[in-house]
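K.L.:
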Amino acid sequence: LCTTLSNRHGHRLATVEHLLSAFSGLGIDNAAVVVDGPEVPVVDGSAMPFVSALINAGIQPLGVARDLLVVRRPVRIQHGESWAELLPDHTPRITVSIDFHQQDIGLQCLSMCISPNSYAREIAAARTFGFAENVWQLRRRGLALGGSVKNAILLENGRVANLEGLRFPDEFVRHKALDAIGDLALAPAPIIGHYRANRPGHRLNNDLLRLLMNDERSWQRVAAADLLDGRINGLDRSIMGMGLQLDDATDGPDPSQAISCEKAPAWREVLDRVLGRTGDDTQ
Numbered sequence: 288l289c290t291t292l293s294n295r296h297g298h299r300l301a302t303v304e305h306l307l308s309a310f311s312g313l314g315i316d317n318a319a320v321v322v323d324g325p326e327v328p329v330v331d332g333s334a335m336p337f338v339s340a341l342i343n344a345g346i347q348p349l350g351v352a353r354d355l356l357v358v359r360r361p362v363r364i365q366h367g368e369s370w371a372e373l374l375p376d377h378t379p380r381i382t383v384s385i386d387f388h389q390q391d392i393g394l395q396c397l398s399m400c401i402s403p404n405s406y407a408r409e410i411a412a413a414r415t416f417g418f419a420e421n422v423w424q425l426r427r428r429g430l431a432l433g434g435s436v437k438n439a440i441l442l443e444n445g446r447v448a449n450l451e452g453l454r455f456p457d458e459f460v461r462h463k464a465l466d467a468i469g470d471l472a473l474a475p476a477p478i479i480g481h482y483r484a485n486r487p488g489h490r491l492n493n494d495l496l497r498l499l500m501n502d503e504r505s506w507q508r509v510a511a512a513d514l515l516d517g518r519i520n521g522l523d524r525s526i527m528g529m530g531l532q533l534d535d536a537t538d539g540p541d542p543s544q545a546i547s548c549e550k551a552p553a554w555r556e557v558l559d560r561v562l563g564r565t566g567d568d569t570q
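Counting from 288, one number per residue, gives the positions in the sequence shown under this note's numbering.
#1: Please classify Asn501 as buried or exposed, where buried requires at least 16 other C-beta atoms within 10 Å of its C-beta.
#2: Could you tell me whether the Cβ atoms of Phe459 and Ile392 are closer together than 7 Å?
#3: Taking the continuous alpha helix (DSSP H) assigned at Pro336, which residues delimit it?
#4: Is the segment 399-419 in contact with the segment 331-342, if contact means three or more CB pairs nearer than 8 Å?
#5: If you reduce the DSSP assignment to three classes, tell me which class Ser311 lands in.
#6: Check for me: the alpha helix (DSSP H) holding Gly469 runs from which residue to which?
#7: Alpha carbon to alpha carbon, how far is Ala352 from Leu531? Give it in angstroms, no decimals.
#8: For Pro328, list the residues DSSP reports as bridge partners.
#9: By Cβ distance below 7 Å, which residues in the same chain neighbour Val436 in space, the five residues on each side in sequence not counted?
#10: Classify Pro475 as helix, strand or coil using the three-state DSSP reduction.
#11: Going by DSSP, which residues form a beta bridge with Gly417?
#12: Which class does His377 belong to by DSSP, given the choice of helix, strand or coil?
#13: Taking all protein chains shown into account, decide if Asn520 is buried (16 or more other Cβ within 10 angstroms of its Cβ) or exposed.
#14: Would the segment 459-475 and the segment 340-351 be scored as touching if the rule is three or more Cβ pairs under 8 Å?
#15: Would you mind stating whether Ile479 and Pro379 have Cβ atoms separated by less than 7 Å?
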């Protein structure tokens, strides 16, 4: 039901996927996070509160070369009717389909390139969803203790119980994309490739990432500067979709460098404009 991180000392942190998704969607690969408790707060059930907080803190280049993880050969994994795969592509791309028998979900599909613009406008505000019968399972484990229709889409008897309705007509599949972006953020570098999945979940995404990393023929770790200079054969020199470019702004960070969550007003203002439009679209 969620992604949990643990270490050799037995420490565990649950529900990290929305925060990791926000980092990945905005192209941030260096940040310090302090969590007091066993899980990352769910806030409103989407990644938008984290995106807003990161923007308010500011984003700036670190002056350190960044690497990219380029998918070179397809990898695929299947669990029953659910499957996911990573395919070679010149830009980060995501295609997700879901099919639930609940009346208000049904069959939904989404396919798009991932960039800060597209992530902020189309993905970040999509909330997690759950079914009334599963809420008690989480609470018995000590999780989602603050869960309610204020921070999730709740379905009862196949219908949305939230009085305010949905933020997007296909908010369910958009949130699956949000989760996948967060799960894949556990890779050692931003992935350049096409993620495709049907009925994905956190375990499926984690197993797919493990499958990719265990097959060194399927990926290549490259310096972003080499990609931008055209020194990596078979890849587009465009950086659109790497989480490093917004609109036609010229005051953003060097895309070959890692970026951090710190004060950088010009870069923050560009994201503020994007999120301003996003907020209008999702009310």
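Ideal placement from N, C-alpha and C gives every residue a C-beta, glycine not left out.
P.N.:
With the structure as the only source:
#1: The residue labelled residue 501 in the question sits at position 214 within the sequence shown. Under this definition Asn501 is an exposed residue.
#2: Walking along the sequence shown from the start, residue 459 turns up at place 172. Walking along the sequence shown from the start, residue 392 turns up at place 105. Yes. Within cutoff.
#3: In the sequence shown, the residue the question calls residue 336 occupies position 49. DSSP places Pro336 inside the alpha helix (DSSP H), whose first and last residues are 335-344.
#4: yes
#5: Residue 311 sits at position 24 when you count from the first residue of the sequence shown. If DSSP states are grouped into helix, strand and coil, Ser311 belongs with the helices.
#6: Within the sequence shown, the letter at position 182 stands for residue 469. Run containing Gly469: 458-471, per the alpha helix (DSSP H) assignment.
#7: The sequence position of residue 531 within the sequence shown is 244, counting from 1. The sequence position of residue 352 within the sequence shown is 65, counting from 1. Reliability of the predicted coordinates at Leu531 is poor, the pLDDT of 35 falling under 50, and the value obtained from them is presented with this limitation in mind. When rounded, the distance between both Cα atoms is 13 Å.
#8: For the purposes of this step, residue 328 is taken as the residue at position 41 of the sequence shown. Bridge partners of Pro328: none, in fact.
#9: By 1-based counting over the sequence shown, the position of residue 436 is 149. Within the same chain, Cβ atoms closer than 7 Å to the Cβ of Val436 are found at Ala448, Asn449, the five residues on either side in sequence being excluded.
#10: If you number the sequence shown from 1, residue 475 lands on position 188. Looking at Pro475 - three-state DSSP - the assignment turns out to be coil, as it is neither helix nor strand.
#11: Reading the sequence shown from its first residue, position 130 is the one you call residue 417. Gly417 is bridged to Leu441.
#12: As a working note, residue 377 is residue 90 in the sequence shown. It is coil, neither helix nor strand.
#13: As a first step, residue 520 is located in the sequence shown; it is residue number 233 there, counting from the start. Below a pLDDT of 50, predicted positions are generally treated as unreliable, and Asn520, at 46, falls in that range; no measurement from the model is reported.
#14: no
#15: The sequence position of residue 479 within the sequence shown is 192, counting from 1. The sequence position of residue 379 within the sequence shown is 92, counting from 1. Yes; because the gap between Cβ atoms is below 7 Å, this pair is in contact.
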